[in-house]
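A.B. asks: One point on numbering: in my numbering, the residue at position 175 of the sequence shown is 502, and numbering is uninterrupted. Please read through the structure below; I'll follow up with questions.
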Amino acid sequence: MGFLDTLLGRSKPVQPNLDQLFAVTNAALTIEVALGLKPTGYGAVCYRKAEGGAFAEVEADVEQLIEGFDGPRVEVSTDQYGYTWLLVRRDPEQLSDLVTDVHAVNSSLQDHGFGPYLLCSLFSFRDQQDRKAALVYLYKKGTFYPFAPKGASIRDNVLELNMKTEIGVDLPLEKDTSRWFPVWGAPGL
328 MGFLDTLLGR SKPVQPNLDQ LFAVTNAALT IEVALGLKPT GYGAVCYRKA
378 EGGAFAEVEA DVEQLIEGFD GPRVEVSTDQ YGYTWLLVRR DPEQLSDLVT
428 DVHAVNSSLQ DHGFGPYLLC SLFSFRDQQD RKAALVYLYK KGTFYPFAPK
478 GASIRDNVLE LNMKTEIGVD LPLEKDTSRW FPVWGAPGL
């Protein structure tokens, strides 16, 4: 960072460390023991689709990589804001495999030069009272935050703060809660 950047208050963006996704497995154990939330077997990657054949080829390769021998495990959808969601399904007991799949999607897009198009990844959880929650990884910040929808457009702030308290040692958390963007209607949540 140069002198003018410091003077003008500019900073270099944080480079994502996709290997941090593997820490979700430990955080999930903490969340289950402390809050009773269990993995649902759903993980999703959100990205802005790029124009052109190169991106379409990478996207097709990623889907083929994740598809299983026991049937389709991948669904692709587009939300109301134009972002593409690639939903990966696994048995809830196979969280480490799900994390590996989501990591592979992120890595493939990043390795082929499409990292700037990645927005976030999430892993969903649910408890016996049907409370829903997700751990969301912000690609551009390299941090996680909890998201817990309580209705159509209401958040369960208490659950989010409880999750933050419990997973703070397992995952790099987004300290700025104004960046805890709601992901209403995210597939798998």
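Glycine is no exception: its CB is placed at the ideal position from the N, C-alpha and C atoms.
1. From the DSSP output, in three-state form, read off residue 499 for me.
2. In chain order, what residues of the same chain have a beta carbon less than 6 Å from the beta carbon of residue 376, not counting five sequence neighbours either side?
3. Check the C-beta distance from residue 472 over to residue 511 and give it rounded, since I have them as a contact under 8 Å.
4. Contact between the region 370-386 and the region 449-469 is defined here as three or more beta-carbon pairs at a separation below 8 Å; is this criterion met?
5. Residue 447: beta carbon under 7 Å from a heavy atom of the ligand NAP?
6. Does residue 530 come out as helix, strand or coil in the three-state DSSP assignment?
7. Can you give me the C-alpha to C-alpha distance between residue 458 and residue 503, rounded to a whole angstrom?
8. Taking residue 363 as the reference, give the member of 490, 442, 495 and 505 with the closest Cα.
9. Looking at the secondary structure, which residues open and close the beta strand (DSSP E) in which residue 365 lies?
C.D. replies: The relevant details are as follows:
1. coil
2. 411
3. With 8 Å as the limit, residue 472 and residue 511 do not qualify as a contact, their Cβ atoms being about 15 Å apart.
4. yes
5. The ligand NAP is not among the ligands present in this structure, which contains no ligands whatsoever.
6. The displayed coordinates of the chain run from 328 to 516. Any statement about residue 530 would go beyond what the structure contains.
7. 24 Å
8. 490
9. 365-374
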